[in-house]
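Residue numbers (our numbering): 27 to 71.
A virtual CB, placed ideally from N, CA and C, is assigned to each residue, including glycine.
Bear in mind that the values here come from a model prediction, so they are computed numbers and not experimental data.
For reference, the structure discussed in these notes is given below.
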C-alpha cells in the first residue's frame, strides 16, 4: 500500500483542510470521525 504524505491543519471558518498529494479537501470541523475516515479511504483508493 503506497504511503501518502498527509498534512492536516485548521483552515479559516471552522473548516479542516486535508492535503493528500495534489488533492485538497475542506470539511467542516464538526464532521463526524467516521465520515472523515470514509473520506480518507475514498481518496486513497
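Query                                                                                                                       : Result
Unbroken beta strand (DSSP E) run spanning residue 43, endpoints                                                            : 41-46
Neighbourhood of residue 49 by C-beta distance below 8 Å, restricted to the same chain and skipping five residues each side : 69
Residue range of the alpha helix (DSSP H) that includes residue 68                                                          : 59-70
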